[in-house]
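Structure first, commentary second.
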Amino acid sequence: MDTQHLVFYLIGGIAIFLFGIKSLSEGLQKITGDRIRHWLATYTAHPLLGVVAGIFITTLFQSATGAVILIIGLLNASILSMKQAVHVLIGVNLGTIVTIFIVGFRIEDYALPIVAAGVFLLLFGHYKRIQYVGQIILGFGTLFLGLSFVRDGLRSDSLSNEMTMFLLNLADFPLFGLLAGIVLSLLLTSSNAAIGVLQTVADEGLIDLAGALPILLGSNLGSAIIACIAVIGASIKAKRVVLIDVMYYLFGAILFLVLQKPLLSLMSWLEQLTHMKLQLAVAHSLFQVLTGVVCLMLAPWLLRIANHLIQTHQTTAEVWFGAQYLDKRFLATPSVALGQAQHEILRMGGIARETLGHASQYFFEHDSRSANLALKKETLVNELNQLITDYIVSIHQHDLTAGESEKLTGLLHIVNDIERIGDHAENIVELADYCVRNRVQFSEEATKQLHQMIDAADWIIGRALYALEQQDRSAAADVLGREADLDRMEHEFRTGHFKRLNENLCRGNAGAIFLDVLSNLERVGDHSKNIAEYVLK
1 MDTQHLVFYL IGGIAIFLFG IKSLSEGLQK ITGDRIRHWL ATYTAHPLLG
51 VVAGIFITTL FQSATGAVIL IIGLLNASIL SMKQAVHVLI GVNLGTIVTI
101 FIVGFRIEDY ALPIVAAGVF LLLFGHYKRI QYVGQIILGF GTLFLGLSFV
151 RDGLRSDSLS NEMTMFLLNL ADFPLFGLLA GIVLSLLLTS SNAAIGVLQT
201 VADEGLIDLA GALPILLGSN LGSAIIACIA VIGASIKAKR VVLIDVMYYL
251 FGAILFLVLQ KPLLSLMSWL EQLTHMKLQL AVAHSLFQVL TGVVCLMLAP
301 WLLRIANHLI QTHQTTAEVW FGAQYLDKRF LATPSVALGQ AQHEILRMGG
351 IARETLGHAS QYFFEHDSRS ANLALKKETL VNELNQLITD YIVSIHQHDL
401 TAGESEKLTG LLHIVNDIER IGDHAENIVE LADYCVRNRV QFSEEATKQL
451 HQMIDAADWI IGRALYALEQ QDRSAAADVL GREADLDRME HEFRTGHFKR
501 LNENLCRGNA GAIFLDVLSN LERVGDHSKN IAEYVLK
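Take the sequence shown: its letter number 499 is residue 499 in full-length UniProt numbering, and every next letter is one higher.
Here's what the structure looks like:
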């Protein structure tokens, strides 16, 4: 085999290996859907449960970086506290053990039949779940198929004696090996891929355990650096999480360099028991478990250091405008991006409700500050409408399950309903402006009825948003019942207005404003009802 074939086998094999990891991860995520968010919210109260949850999501994503991005999303959405996030992060790093052990088994010779089984289920499965299982099996098979190409390339005669001797002598230069591992992870954008290639190289006898361990450690550090790159320009919480991840691996690197000789002595007994792939898997496990246990005990200190080094410097403008939860980094994981979109929608709904509150206050009290707040927040609602819509369209461009696609369509309708609520609040501000300019006075009964309508509309909005956030069907049913009451109130108050008009108890200009406010509030109820009906579907 000439040099060209060697390069082709290595590049092609690594590419197939990366595709296998991606396919395996996507299949696992499709089977679990967005339930992962619920599991993490429920089972991370205890530190050890948080660690177990972290191991699970790394297995699910087949990527420590992807798992870290999920943690950041849940942290920004207030599903996880910073303390819980640290425990889950430790579990994420421990979770890389699973993939390394999978690669550690020599089943490359069975890769093709595994691929065939996956393709069969993917193409001929009648149910989505069977197709997802097929995708998982296909990913599993292509992962090992890629490694088999790397192995065959390394067995060629084109690998020079100088290169072989260089690899074998890496044990004498652990810092160089550490750097090589970092570079390999950055090039492949995956520590799992880097370690998988390292296991294959070691299994061919091209590098011994002493030379491989620094590269393995550097690959893990490379994963933390990839996460650092991923959060450039992200939130304060995101930067703190990644800083803790970097501290975790830096501490592990120092620990390894100090304990390198005792660790190699401990590992020497494995040489007679198993092959190099599993030896590296065991060594990686020892490193991760030791570092994880120590960092779990030091978790409060790691959190304090991160909070001290990365402090909050938010301005009022950052609080007012722009999206808080929408981040393009999450688009690679649609289930996470979908959850982020829903949190931004809930935030938008809360702002629309506040807009109606300020508009109502301006209507009754003629306080110009309330009018300014209402108009400013309505502008924000319009901005969020555009941002969320664009984000949902971007999610739609990725491979979604049928359930995720249906949910996104429903969320688009909700965004439109919330935007319309903001518009109706703006209409009330404009009606109040007319009242101020023309000194419009309402009868005592009309004022009382408007208060009743506004209180009812505000309750309905709040209950609808609660139903959406909690997916509470009972709360959604409450909205439908209360909205029907709002319709009856609107009809009753409209009829009463015409009666007062006939009795000369109400002026014409006041009556027109009264009816317009009733109409706007009734429409607010209709849009809130649409949100509740989405929950009930």
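Even for Gly, the Cβ is constructed at its ideal location relative to N, Cα and C.
Residue interval of the alpha helix (DSSP H) (run including residue i)
i: residue 549; result: No statement about residue 549 is possible, as the shown extent of the chain runs from 1 to 537 and does not include it.
i: Thr-58; result: 47-61
i: His-396; result: 368-396
i: His-424; result: 402-438
i: Asp-455; result: 444-470
i: Arg-347; result: 334-365
i: Gln-199; result: 191-203
i: Ala-180; result: 174-188
i: Ser-285; result: 276-297
i: Ile-79; result: No alpha helix (DSSP H) contains Ile-79, which DSSP labels as neither H nor E.
i: Ala-111; result: 111-124
Closest by C-alpha distance to residue i, when choosing among the options
i: Glu-469; options: Leu-346, Ile-229, Glu-354; result: Leu-346
i: Lys-128; options: Gly-350, Ile-418, Leu-28, Lys-22; result: Leu-28
i: Ile-21; options: Tyr-9, Val-98, Ser-81; result: Val-98
i: Asp-245; options: Ile-16, Ile-71, Arg-439, Gln-4; result: Ile-71
i: Ser-223; options: Asp-433, Leu-184, His-497, Arg-369; result: Leu-184
i: Lys-239; options: His-451, Ser-219, Lys-407, Met-82; result: Met-82
i: Ala-306; options: Leu-250, Phe-251, Leu-243, Val-68; result: Leu-243
i: Ile-102; options: Tyr-132, Gly-196, Glu-490; result: Gly-196
i: residue 560; options: Thr-379, Met-453, Ala-332; result: Nothing about residue 560 can be read from this structure; the chain reaches only from 1 to 537.
i: Phe-61; options: Phe-287, Met-348, His-308, Val-336; result: Val-336
i: Gln-441; options: Arg-488, Phe-498, Leu-375, Glu-365; result: Glu-365
i: Gly-292; options: Val-535, Ser-78, Ile-16, Leu-94; result: Leu-94
i: Ile-11; options: Ala-194, Arg-494, Val-86; result: Ala-194
i: Pro-214; options: Asp-203, Ala-227, Thr-189, Leu-263; result: Leu-263
i: Gly-525; options: Arg-482, Arg-304, Gly-252, Ser-405; result: Arg-482
i: Phe-514; options: His-491, Gly-134, Ile-55; result: His-491
i: Gln-199; options: Leu-186, Thr-189, Ser-219; result: Ser-219
i: Ile-107; options: Ala-67, Gly-91, Phe-149; result: Phe-149
i: Glu-426; options: Asp-455, Asn-372, Arg-463, Asp-458; result: Asn-372
i: Thr-96; options: Val-52, Leu-80, Val-258, Gly-73; result: Val-52
i: Val-289; options: Leu-278, Phe-17, Tyr-249, Arg-437; result: Tyr-249
i: Leu-338; options: Leu-412, Leu-80, Ile-418, Ala-467; result: Leu-412
i: Ala-510; options: Glu-383, Phe-363, Ala-116; result: Phe-363
i: Ala-91; options: Val-294, Ala-116, Ala-532; result: Reading off the sequence shown, one finds Gly at residue 91, where the question assumed Ala. Here the closest residue by C-alpha is Val-294.
i: Tyr-466; options: His-343, Gln-449, Tyr-434, Ser-360; result: His-343
i: Phe-144; options: Thr-189, Gly-125, Ala-111; result: Ala-111
Local Cβ density within 10 Å of residue i, reported as buried at 16 or more and exposed below that
i: Phe-120; result: exposed
i: Thr-59; result: buried
i: Glu-430; result: exposed
i: Ala-402; result: exposed
i: Ser-265; result: exposed
i: Ile-254; result: exposed
i: Met-297; result: exposed
i: Gln-4; result: exposed
i: Asp-485; result: exposed
i: Ile-229; result: exposed
i: Ile-14; result: buried
i: Asn-416; result: exposed
i: Ala-88; result: For clarity, residue 88 is Val in the given sequence; the question names Ala instead. Val-88 comes out buried.
i: Gly-118; result: buried
i: Asp-203; result: buried
i: Val-133; result: buried
i: Glu-406; result: exposed
i: Asn-530; result: buried
i: Leu-408; result: buried
i: Ser-191; result: buried
i: His-308; result: exposed
i: Gly-205; result: exposed
The ligand PLP heavy atom lying under 7 angstroms from the CB of residue i
i: Arg-437; result: Looking at this structure, you won't find the ligand PLP or any other ligand, since it has none at all.
Q) Using 8 angstroms as the threshold, is the segment 325-341 in touch with the segment 383-402, meaning 3 or more CB pairs across them? A) yes
Q: Pair every Cβ in the segment 391-405 with every Cβ in the segment 425-440, then say whether three or more of these pairs are closer than 8 angstroms.
A: The answer is no - the segment 425-440 does not touch the segment 391-405, with fewer than three Cβ pairs under 8 angstroms.
Q. Touch check for the segment 282-299 and the segment 205-219: three-plus C-beta pairs under 8 angstroms?
A. Touching, yes.
Q) Taking three-plus beta-carbon pairs below 8 angstroms as touching, is the segment 474-481 in contact with the segment 490-500? A) no
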